[in-house]
Ligand SMILES: [Zn+2]
Ligand SMILES: [Zn+2]
């Protein structure tokens, strides 16, 4: 049993072959996948996937790398999240790598998401890239710990991981942990408490070794889990069970679908 805590199954690389992706999930023992919104324009696609397939869940939010979309309001997020299969707010956060200039709009958008998450009682999916200090500062200022959530596709330092863990957050590792040049990230993956760990694909991007450079899909989260299980010297089955239970607890998922 494995859960992919972050994928984009509705993106064009995958949306035309969802049945194949679900078949590979089943083959690789991946029983759940969380399909994460990046804009409110594509949220209906995410919701439709979550409504159609028992093993797919969804989130609602506007990603920090989309500057040219309408201003998102707290009330709007809260209303859209009011659905049994929409289990999180995000992805949100700060990205100082992809977008330059005055990013006050990004910080304001992030604050709106944290407020919405606190109000609706759903956890946050946080994207943080080259913005560790501001991300943590805003999380503290807005009381993000009250909502909880996950630092997705984590590539930060151990100090940043510790700060997020202290706020009650989970750390999710992607296929990057399998990359040859990711020794520092593997060190972080050795240290994060098991009860705070999640695994993800961020598909269609970041396919793990041995599929690096190909289109990623939720079923390949198995290779991420295999790598971390090896680092932690645990059997894959045990690591898979621990991260799946973390996934159910964080996203308040009770019913386990039969797949
Ligand atoms: Zn992201
Ligand atoms: Zn993403």
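Residue numbers (our numbering): 817 to 1075. Ideal Cβ placement from N, Cα and C applies to all residues, glycine included.
Burial state of residue i (16 or more Cβ within 10 Å)
i	result
residue 1024	buried
residue 835	exposed
residue 1030	exposed
residue 842	exposed
residue 839	exposed
residue 886	exposed
residue 832	exposed
residue 1001	buried
residue 918	exposed
residue 913	exposed
According to DSSP, residues forming a beta bridge with residue i
i	result
residue 986	966
residue 897	Paired residue(s): none; residue 897 is not in a bridge.
residue 848	819
residue 1019	823
As assigned by DSSP and simplified to three states, the class of residue i
i	result
residue 874	strand
residue 841	helix
residue 834	helix
residue 1014	strand
residue 1036	helix
residue 887	coil
residue 853	coil
residue 1025	coil
residue 1060	helix
residue 993	helix
residue 1051	coil
If you pair each beta-carbon of the stretch 971-987 with each one of the stretch 951-961, do three or more pairs fall below 8 Å?
A contact is defined here as three or more CB-CB pairs under 8 Å, and the stretch 971-987 meets this definition with respect to the stretch 951-961.
Pairs of beta-carbons, one from the stretch 865-883 and one from the stretch 902-917, closer than 8 Å: are there three or more?
Contact between the stretch 865-883 and the stretch 902-917 is present, with at least three C-beta pairs closer than 8 Å.
Contiguous alpha helix (DSSP H) assignments of at least 4 residues, all confined to the stretch 900-968:
Restricting attention to alpha helix (DSSP H) runs no shorter than 4 residues, the stretch 900-968 encloses them at 920-936 and 948-957, ordered along the chain.
Does the structure place the stretch 963-981 close enough to the stretch 925-945 that three or more beta carbon pairs sit under 8 Å?
In this structure the stretch 925-945 touches the stretch 963-981; the number of beta carbon pairs closer than 8 Å is three or more.
Report yes or no: do three or more beta-carbon pairs, one from the stretch 1003-1014 and one from the stretch 1051-1065, lie closer than 8 Å?
The stretch 1003-1014 vs the stretch 1051-1065: in contact.
So does the stretch 850-861 actually touch the stretch 1040-1048, counting three or more Cβ pairs closer than 8 Å?
Remark: fewer than three beta-carbon pairs, one from each stretch, lie closer than 8 Å, so the stretch 850-861 and the stretch 1040-1048 are not flagged as touching.
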